[in-house]
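J.:
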Amino acid sequence: MAQDNAKLVYDRPEALVDRAHHYCPGCGHGIIHKLLAEIIDDAGIRENTIIVAPVGCSVLAYFYLNVDGCEAAHGRAPAVATGIKRVHGNSKHVLVYQGDGDLLAIGTAETIHAANRGENLTIIFVNNAIYGMTGGQMAPTSLAEQKTKTSPYGRKVADFGQPIRACEMINTLEAPVFIERCAVNSVKNILKTKKALKKAVKNQVEGRGYSFVEILSMCPTGWGIKPVDALKWVEDAMIPYYPLGNFRDR
Amino acid sequence: MARGEPEINPERCKGCELCVSACPEGILAMSEGFNKQGQVYSECIAPEKCTACMSCAIICPDSAIRIWRYAG
Ligand SMILES: Cc1ncc(C[n+]2csc(CCOP(=O)(O)OP(=O)(O)O)c2C)c(N)n1
Ligand code: SF4
Ligand code: SF4
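Just so you know, the protein sequences line up as chains R and A, in that order.
For what it's worth, my numbering labels the leading residue of the first sequence as 277, then goes sequentially.
For what it's worth, my numbering labels the leading residue of the second sequence as 657, then goes sequentially.
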C-alpha cells in the first residue's frame, strides 16, 4: 500500500471463497454472490447457512460461497430447501438461489407452493430475462419483442404470453412475509439490494417466514451486448416493466 | 473530502469495465497490456483524485477491487 496511514475499508468478504469464478465479464451473479457473502459475514451465520443452488449459470454457487451447499434438480430448489429447513428447523438458515428459467419455468409449481405454505426460507430470484447457461434462450421473463436464440424475431406476446412478474404473482398469496424487487445495475441499486437481502435473511433467522427477493441482473453474453450497455438495458428496458420496490414487509 | 486508493487485482479482473462506468471521478481506465487470461484490466490513472467512495469495488462482479482510505 502506498501510504502507511491507509486503512482497508472495502475488501472481499470472508464468506466469499478467494477464487476466480466462472461467470462471464459483467455478469450480475458475481455481484449478488458478493452481497450474500457480506450479509452472511455481518450476521455471523457462516457456520449455520446452507445454500441450495439451482440449475443454471449459478449451479456452482456453493463453490464460491463458503457455506454448506446442496444442488437441486432443475426448478426443485424450494422443495429441496423445504426438506432441509424442516429437518434442521431454526438451527440452519437456508438460502434458495434461482434463475428465472429455474424458478419461473420448470420450477413454477415448487415456487408457488413453497411460497403458499410460507416456508421459512429466503428465496433469491435472479431475473436476467434469459436462459444464460444454455446459451440465451427465451425465458418466461424475457421482455415482449426481446430477441433471444429461441425468439429470433422477438418475443411475440400472442404466441408466448406476457413476461411473468414474479413479485406481483407471489404477492397474491397470503403467507409470504417479505417481497421485494431490486436490481444490481448501479451502485445505488446494489446497495438497496443488499438491504433487501439482509432483511430477507434476518426474517428467516428470526423464524418469521417466507421472504422473496427478485433481483434484476445483467446477462451481457445472453443479451449479446457489452457489460456497460447491459447496465443500461436493465434501467431502460427491464425496470419499466418490472418496477423496483417493496411489495410486502410484515 | 476523504482520500484513498483502489487496489485492483489485474489477474482477477475480467475487463468488463463496470468499474470504469461507476467511478464518479472518472479515474479508472482499461490497461494497454493484457493479464494472464488475455484480458485488458482496469487501472487507476489518477489515484490522487480518489475519494475512497467504493463505487468501483461495489459494482465489480469479480471482487477484484479493494479500497484503501487514508486517515486525516
Ligand atoms: C430437467 C432439465 N431440463 C433442462 C435443462 C437445461 N437447462 C440448464 S440451465 C437451464 C436454464 C437456466 O436459465 P436460468 O434459470 O434463467 O439461469 P441463468 O443461467 O440465466 O442464470 C436449462 C433449461 C436441465 N439442465 N435439466
Ligand atoms: S451466460 Fe449470462 S448469466 Fe451466465 S455467466 Fe454469462 S453473463 Fe452470467
Ligand atoms: S469491474 Fe472488476 S472485473 Fe470489471 S473491469 Fe473493473 S476491476 Fe475488472
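Note that the Cβ used here is the ideal one computed from N, Cα and C, for glycine as well.
Looking only at C-alpha atoms, which of R:Val433, R:Ala506, R:Asp344 and R:Ile455 sits nearest to Pro519 of chain R?
T.: Of the candidates R:Val433, R:Ala506, R:Asp344 and R:Ile455, the one whose C-alpha sits nearest the C-alpha of Pro519 of chain R is R:Ile455.
J.: First and last residue of the alpha helix (DSSP H) that includes Gln279 of chain R?
T.: No alpha helix (DSSP H) holds Gln279 of chain R; DSSP gives it neither H nor E.
J.: Does the beta-carbon of Arg362 of chain R have 16 or more other beta-carbons within 10 angstroms, so that it is buried, or is it exposed?
T.: Looking at its Cβ environment, which holds fewer than 16 other Cβ atoms inside 10 Å, Arg362 of chain R is exposed.
J.: Hey, is Ile701 of chain A's beta-carbon within less than 9 Å of any beta-carbon in chain R?
T.: So, not an interface residue.
J.: Mind pulling the chain A residues with CB within less than 8 Å of Val489 of chain R?
T.: The contacting residues do not exist; Val489 of chain R stays about 18 Å from chain A at best.
J.: Pull up the DSSP beta-bridge partners for Ser487 of chain R, would you.
T.: DSSP output for Ser487 of chain R lists R:Thr398 and R:Phe454 as bridge partner(s).
J.: Can you give me the Cβ contacts of Gly383 of chain R inside the same chain, cut-off strictly under 6 Å, excluding the 5 residues immediately before and after it?
T.: Within the same chain, Gly383 of chain R has close Cβ partners Gly351.
J.: Could you tell me which of R:Lys283, R:Val343, R:Arg524 and R:Lys464 sits nearest to Gly485 of chain R, measuring between CA atoms?
T.: Cα-wise, what sits closest to Gly485 of chain R is R:Arg524.
J.: Quick check: does the Cβ of Pro330 of chain R come within less than 8 Å of any heavy atom belonging to ligand 2?
T.: It does not: the Cβ of Pro330 of chain R is nowhere closer than 8 Å to a heavy atom of ligand 2.
J.: Ligand 1 and Ile501 of chain R: does the residue's C-beta get closer than 8 Å to at least one heavy atom of that ligand?
T.: Ile501 of chain R Cβ: outside cutoff for every heavy atom of ligand 1.
J.: Any chance you could list the alpha helix (DSSP H) runs of at least 4 consecutive residues sitting entirely within the stretch 469 to 518 of chain R, in chain order?
T.: Qualifying alpha helix (DSSP H) stretches, in chain order: 496 to 499 and 503 to 509.
J.: Quick check on Leu292 of chain R: does DSSP put it in helix, strand or coil?
T.: Leu292 of chain R: strand per DSSP, three-state reduction.
J.: Suppose only complete runs of 4+ residues qualify. What are the alpha helix (DSSP H) ranges in the stretch 329 to 401 of chain R, listed by chain order?
T.: Listed in chain order, the complete alpha helix (DSSP H) runs (minimum 4 residues) inside the stretch 329 to 401 of chain R are 337 to 340, 353 to 364 and 384 to 393.
J.: Based on the DSSP secondary-structure assignment, which residues constitute the bridge partners of Ser698 of chain A?
T.: Answer is A:Met686.
J.: What is the DSSP secondary structure of Ala420 of chain R, reduced to helix, strand or coil?
T.: In this structure, Ala420 of chain R counts as coil in the three-state DSSP scheme.
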